[in-house]
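Chemist: In the UniProt record's numbering, the protein residues as written are 1 to 372.
Glycine is no exception: its CB is placed at the ideal position from the N, C-alpha and C atoms.
Dropping a structure here in structure tokens format, bear with me for questions.
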């Protein structure tokens, strides 16, 4: 398989299709060099860096067309840190978590703490979607917008629970690539290494007035909250265009450039169309050949930003991915814990739809070569 050479006219211009960290545009790197020359290595408490944070917050507010009272909040640590922060600072008594993949299940584990009642977890097998269940006493409903591990995308809808219950959506692999109604959520949170084509180690979130009030109320209670995981600290610092601890400035610079690029290109509606075009190319191809099938059987549940494709058992997906990698097409391997004969392809906003079209042509070439 190492000897298979894909013809140049079948290769994508850029062969990066990983689900995170994702493809970073050349213009972002150029911006990192030019803008970073005066910002990298300077104090995060001074005006140049605070202006950068402010630009990110304003850009995201414009991109998501935030309703009145909503705020862009950011903090150190990525989505994993946010799960713990939410368990400390957003859940009052009990959470409901939808678990239909790796990342939904991890947030469910984070809400199983000694100071909270056991979460109500609604599970669905990989490749399918779990549904919200109104449960008395639950004050926070949480689910992923897009399950990166399986390629299942959920509709963004507000939970019909008790009055005052919050709807919290993990959007790491969907944010910036899929259109939705922000008012259907109280917290829409994400890390910037997917559609926003930056690095990890930072979380950002869109907080509703109800969520901001919840943060204040929990912080004023007698619950112990570590300073690093304090959402009140994050809100207070965000309003000053800063973070509690030193942020990764390169991450912020690349994020700011990507947000500006999406806004200038047509905003979230433009990004939504772009990712739908790319993912449709993959699903249509998989349904047209005799050796591939979309892993997510319900077309309405298929992700527009992460396409998972099962290959026939006669075709070794590992050999296909390895051959693609040897030809400069990288990170098409499946999520490790699924253990399927599968390819997983990101169709994030930075990925050119024309490159996706070239990818499927390359896969066809490799499969035919492996078949002999």
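When burial is assigned at 16 or more other CB atoms within 10 Å of the CB, is residue 68 buried or exposed?
Modeler: Classification for residue 68: exposed.
Chemist: At the level of alpha carbons, what is the spacing between residue 77 and residue 314?
Modeler: In a straight line, the C-alpha of residue 77 is about 42 angstroms away from that of residue 314.
Chemist: I believe residue 65 touches residue 182 by the beta-carbon criterion, under 8 angstroms. Please report the beta-carbon distance rounded to the nearest angstrom.
Modeler: Indeed they touch by this definition, with Cβ atoms about 7 angstroms apart.
Chemist: When you compare only the Cα positions, how much space is there between residue 244 and residue 195?
Modeler: Taking the straight line from one Cα to the other gives about 25 angstroms.
Chemist: Return the CA-CA distance between residue 255 and residue 193, expressed in angstroms with no decimal places.
Modeler: Computed Cα separation, rounded: 9 angstroms.
Chemist: Excluding the 5 residues flanking residue 285 on each side, which residues of the same chain have their C-beta closer than 6 angstroms to its C-beta?
Modeler: Cβ within range, chain order: 360.
Chemist: So, helix, strand or coil for residue 379, using DSSP?
Modeler: The question about residue 379 has no answer, for the chain in this structure spans 1 to 372.
Chemist: Please state the DSSP three-state secondary structure of residue 344.
Modeler: DSSP places residue 344 in strand when its eight states are reduced to three.
Chemist: With DSSP as the reference, label residue 285 as helix, strand or coil.
Modeler: Helix, per DSSP.
Chemist: Could you check if residue 38 is buried or exposed, using at least 16 other CB atoms within 10 Å of its CB as the buried criterion?
Modeler: Label assigned to residue 38: exposed.
Chemist: Which of the three DSSP states, helix, strand or coil, is assigned to residue 203?
Modeler: Strand.
Chemist: How would you label residue 264, buried or exposed, when you count the other beta carbons within 10 angstroms and need 16 or more for buried?
Modeler: Exposed.
Chemist: Apart from the five residues on each side of it in sequence, which residues of its chain come closer than 8 angstroms, Cβ to Cβ, to residue 14?
Modeler: So the list reads 23, 351, 352 and 355, once near-sequence residues are dropped.
Chemist: If you draw a straight line from the alpha carbon of residue 134 to that of residue 126, how long is it in whole angstroms?
Modeler: One C-alpha to the other measures close to 23 angstroms.
Chemist: Check the DSSP bridge columns for residue 167 and list the partner residues they point to.
Modeler: DSSP output for residue 167 lists 141 as bridge partner(s).
Chemist: Since I believe residue 303 is in contact with residue 146 (beta carbons under 8 angstroms), could you give me their beta-carbon distance rounded to a whole number of angstroms?
Modeler: Between residue 303 and residue 146 the Cβ distance is about 5 angstroms, and since that is below 8 angstroms, they are a contact.
Chemist: Check whether the Cβ atoms of residue 36 and residue 253 sit closer than 8 angstroms, and answer yes or no.
Modeler: Yes, these two residues count as a Cβ contact at 8 angstroms.
Chemist: Should the region 212-222 be regarded as contacting the region 169-178, the criterion being three or more beta carbon pairs within less than 8 angstroms?
Modeler: Counting Cβ pairs under 8 angstroms, fewer than three are found: no touch.
Chemist: I believe residue 166 touches residue 187 by the beta-carbon criterion, under 8 angstroms. Please report the beta-carbon distance rounded to the nearest angstrom.
Modeler: About 7 angstroms separates the two Cβ atoms, so the contact holds.
Chemist: Since residue 330 sits in a beta bridge, which residues does DSSP pair it with?
Modeler: 16.
Chemist: What are the start and end residues of the alpha helix (DSSP H) that includes residue 353?
Modeler: From DSSP, the alpha helix (DSSP H) with residue 353 extends over 353-371.
Chemist: Would you list the residues sitting across from residue 302 in a DSSP beta bridge?
Modeler: According to DSSP, which records beta bridges pairwise, residue 302 is partnered with 152.
Chemist: What runs of the beta strand (DSSP E), each 3 residues or longer, lie entirely inside the region 76-104?
Modeler: As far as the region 76-104 is concerned, its whole beta strand (DSSP E) runs of at least 3 residues are 95-99.
Chemist: Under 8 angstroms: do the region 316-335 and the region 3-11 share three or more Cβ pairs, one atom per stretch?
Modeler: Short answer: they touch.
Chemist: Would you mind reading off the limits of the beta strand (DSSP E) that contains residue 135?
Modeler: From DSSP, residue 135 is part of no beta strand (DSSP E); its letter is neither H nor E.
Chemist: Are there 16 or more other CB atoms within 10 angstroms of the CB of residue 73, so buried, or fewer, so exposed?
Modeler: Label assigned to residue 73: buried.
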